[in-house]
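Asker: Using the numbering used here, the letters of the sequence shown correspond one by one to residues 717 to 996.
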Amino acid sequence: MLNQFLIKQRISEFLKEDLEFGDLSTAPWIDQPVSGYFIAKQAGIICGQQIPQIAYDQLGKADYLPLVKDGQQVTKGMQLGKVTGTAATVFAGERVILNLLQHLSGIAGKTAGMVKRLADDSIKLVDTRKTTPGLRLFEKYAVTVGGGYNHRFGLTGGIMLKDNHLALAGGPTAAIAAAKRWAGPLTPIEVEVENRQQLLAAINQKPDVIMFDNQTPAMIAEWQKLVPAGILTEASGGITDENIAQYHGCGVDFISSGSLTNDVKPLDISFLLDGAIKNS
């Protein structure tokens, strides 16, 4: 669920960037009442239906009526929502709203597609911190709308010991021991391993999660047999919609993929004023 305070703040920043000193194109008709529809120009999954009204509330007078819900599958030509208000408000918010709706719907659709290709209910597909600066809150919400789950929201969301941390500490044994001395009682510790030696050392130190980094599905399945109950496992590294089906049945608890948020094609959505004519 989106944090209302934070998204209002972010959307305000986006609107300021676009408006600067006002909408010169709409200046002659700022108080004229208008209405129109947001329309899907291709099939997909919708995400971000809270955004239009939040944007309009910061701009002036306009009301948005969602016609579909977040997570709903839509077809080309379907009306997603109707807006009525003054021309100044409706036009000033149009581009920012479309940018966010298209981007978030693209993420939701990609996530849903990867969950479907994985076809393994025992594994949770999770996102990463590979997000667009300023959009992490939105993008991680879109992942959940598509049926995925959120990993850390930031560096304070848990301890993750990766290759550079292991090099700094002198290996997984020393790294995990140091992390345990610093960690609070509710702070999870995850360690990344890239070979069998690191895996066995990590198992001996009993972290909360072990990440198998850049390993084949076959190798993951073999390593998974060595991990005792009580330690969760994650597969990561180069997992995309093209190869995720290969990880079906590999045995891990989580699969993380940066491509959920950093390799996304926006869903094509347009806004059309009542009475406007536009070639499809």
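For glycine and all other residues, C-beta sits at the position ideal for the given N, C-alpha and C.
1. Can you name, in chain order, every residue of its own chain whose Cβ lies under 8 Å from the Cβ of leucine 814, other than the five neighbours on each side?
2. Taking the alpha-carbon positions, what's the isoleucine 875 to alanine 899 distance?
3. Count the other CB atoms, across all protein chains shown, that sit within 10 Å of the CB of phenylalanine 721; report buried if there are 16 or more and exposed otherwise.
4. Just how far apart, CA to CA, sit asparagine 959 and glycine 829?
5. Run the CB neighbour count on histidine 819, radius 10 Å, all protein chains shown included, and call it buried at 16 or more, exposed below.
6. Under the three-state reduction of DSSP, which class applies to serine 973: helix, strand or coil?
7. Are the segment 784-797 and the segment 726-745 touching, with three or more C-beta to C-beta distances below 8 Å?
8. State yes or no: is the C-beta of glycine 864 within less than 9 Å of the C-beta of aspartate 843?
9. How long is the line joining the alpha carbons of glycine 974 and threonine 847, rounded to whole angstroms?
10. With H, G and I counted as helix, E and B as strand and the rest as coil, what does DSSP make of leucine 816?
11. With distances taken from CA atoms, which of Thr949, Arg897 and Leu853 is nearest aspartate 929?
12. Helix, strand or coil for proline 782? Go by DSSP, reduced to three states.
13. Where DSSP assigns a beta bridge to methionine 927, which residues make up the other side?
14. State buried or exposed for histidine 964, treating a residue as buried only when at least 16 other CB atoms are found within 10 Å of its CB.
15. Is glycine 764 helix, strand or coil by DSSP?
16. Which one of Ala951, Asp969, Ala883 and Gly862 has the shortest CA to CA distance from glycine 945?
17. Apply the 10 Å Cβ neighbour rule to glycine 873 and answer buried if 16 or more other Cβ atoms are within range, or exposed otherwise.
18. Tell whether a beta-carbon distance below 9 Å holds between alanine 934 and arginine 833.
19. Roughly how many angstroms separate the alpha carbons of isoleucine 892 and leucine 877, rounded to a whole number?
20. Looking at the strands, I want to know which residues DSSP matches up with glycine 873.
21. Going by CA-CA distance only, name the one from Leu902, Leu871 and Ile761 that's closest to valine 784.
22. With DSSP collapsed to three states, give me the class of alanine 825.
23. Near asparagine 719, what residues of its chain come up, given a Cβ to Cβ distance below 7 Å and the 5 sequence neighbours on each side ignored?
24. Assuming valine 842 is part of the beta strand (DSSP E), what are its boundary residues?
25. Compare the C-alpha of glutamine 913 against each of Pro923, Glu906, Pro888 and Ile936 and name the closest.
26. For threonine 791, write down the residues that DSSP places opposite it in a beta bridge.
27. In the structure shown, what three-state DSSP assignment does glycine 809 receive?
28. Buried or exposed: where does glycine 801 fall if 16 or more other Cβ atoms within 10 Å of its Cβ makes it buried?
29. Do valine 907 and methionine 927 have their C-beta atoms within less than 9 Å of each other?
30. Please return the same chain residues whose Cβ sits closer than 7 Å to the Cβ of glycine 903, not counting the five positions on each side in sequence.
Answerer: Reading off the structure:
1. Here residue 814 refers to the residue found at position 98 when the sequence shown is read from its first residue. Here the set comprises Phe754, Ile985, Ser986 and Phe987.
2. Position 159 of the sequence shown holds residue 875. Position 183 of the sequence shown holds residue 899. Distance between isoleucine 875 and alanine 899, taken at the CA atoms: about 8 Å.
3. Along the sequence shown, one-based indexing puts residue 721 at 5. With fewer than 16 Cβ atoms within 10 Å of its Cβ, phenylalanine 721 is classed as exposed.
4. As a working mapping, residue 959 is identified with position 243 in the sequence shown. As a working mapping, residue 829 is identified with position 113 in the sequence shown. Whole-angstrom Cα-Cα distance: 12 Å.
5. Numbered from its first residue, the sequence shown carries residue 819 at position 103. The residue is buried, with at least 16 neighbouring Cβ atoms inside 10 Å.
6. Translated into the one-based positions of the sequence shown, residue 973 becomes position 257. Serine 973 falls in the coil class under three-state DSSP.
7. Counting Cβ pairs under 8 Å, fewer than three are found: no touch.
8. For the purposes of this step, residue 864 is identified with residue 148 of the sequence shown, where counting begins at 1. For the purposes of this step, residue 843 is identified with residue 127 of the sequence shown, where counting begins at 1. For glycine 864 and aspartate 843, yes; Cβs fall inside 9 Å.
9. Here residue 974 refers to the residue found at position 258 of the sequence shown. Here residue 847 refers to the residue found at position 131 of the sequence shown. Take the alpha-carbon of glycine 974 and the one of threonine 847: they are about 8 Å apart.
10. Here residue 816 refers to the residue found at position 100 when the sequence shown is read from its first residue. Helix at leucine 816.
11. Residue mapping note: residue 929 aligns to position 213 of the sequence shown, counting from 1. That would be Thr949, whose Cα lies nearest to the Cα of aspartate 929.
12. The sequence position of residue 782 within the sequence shown is 66, counting from 1. In this structure, proline 782 counts as strand in the three-state DSSP scheme.
13. Here residue 927 refers to the residue found at position 211 when the sequence shown is read from its first residue. Glu908 and Glu950.
14. Working through the sequence shown from its first residue, we reach residue 964 at position 248. When all chains shown are included, histidine 964 counts as exposed.
15. Taking the first residue of the sequence shown as 1, we reach residue 764 at position 48. In the structure shown, glycine 764 adopts coil according to DSSP, grouped into three states.
16. Translated into the one-based positions of the sequence shown, residue 945 becomes position 229. Note that residue 945 is alanine in the sequence shown, not glycine. Considering only Ala951, Asp969, Ala883 and Gly862, the residue with the shortest C-alpha distance to alanine 945 is Asp969.
17. As a position in the sequence shown, residue 873 is number 157, starting the count at 1. In summary, glycine 873 is exposed, with fewer than 16 beta-carbon neighbours lying within 10 Å of its beta-carbon over all protein chains present.
18. Taking the sequence shown and counting its residues from 1, one reaches residue 934 at position 218. Taking the sequence shown and counting its residues from 1, one reaches residue 833 at position 117. No, they are not a contact pair.
19. Taking the sequence shown and counting its residues from 1, the one referred to as residue 892 is at position 176. Taking the sequence shown and counting its residues from 1, the one referred to as residue 877 is at position 161. Those two C-alpha atoms are separated by around 8 Å.
20. Here the question's residue 873 lines up with position 157 in the sequence shown. For glycine 873, DSSP records no beta bridge to any residue.
21. The sequence position of residue 784 within the sequence shown is 68, counting from 1. Measuring from the Cα of valine 784, the nearest candidate turns out to be Ile761.
22. Numbered from 1 along the sequence shown, position 109 holds the residue referred to as residue 825. At residue 825 the sequence reads glycine, which differs from the alanine that was named. In the three-state scheme derived from DSSP, where H, G and I count as helix and E and B as strand, glycine 825 is classed as helix.
23. Here residue 719 refers to the residue found at position 3 of the sequence shown. Contacts found: Leu853.
24. On the sequence shown, residue 842 is found 126 positions in, with the first residue counted as 1. For valine 842, the uninterrupted beta strand (DSSP E) run begins and ends at 840-842, by DSSP.
25. The residue labelled residue 913 in the question sits at position 197 within the sequence shown. Glutamine 913 has its Cα closest to that of Pro888, out of Pro923, Glu906, Pro888 and Ile936.
26. For the purposes of this step, residue 791 is identified with residue 75 of the sequence shown, where counting begins at 1. Under DSSP, threonine 791 takes part in no beta bridge, so it has no partner.
27. Taking the first residue of the sequence shown as position 1, residue 809 is located at position 93. In the structure shown, the three-state DSSP call for glycine 809 is helix.
28. The residue you call residue 801 lines up with position 85 of the sequence shown. Buried: at least 16 other Cβ atoms inside 10 Å.
29. For the purposes of this step, residue 907 is taken as the residue at position 191 of the sequence shown. For the purposes of this step, residue 927 is taken as the residue at position 211 of the sequence shown. Yes, Cβ-Cβ distance for valine 907 and methionine 927 is below 9 Å.
30. For the purposes of this step, residue 903 is taken as residue 187 along the sequence shown, with counting starting at 1. Reading off the sequence, residue 903 comes out as threonine, not glycine. For threonine 903, where only same-chain residues beyond five positions count, the Cβ hits under 7 Å are Gly874 and Ile875.
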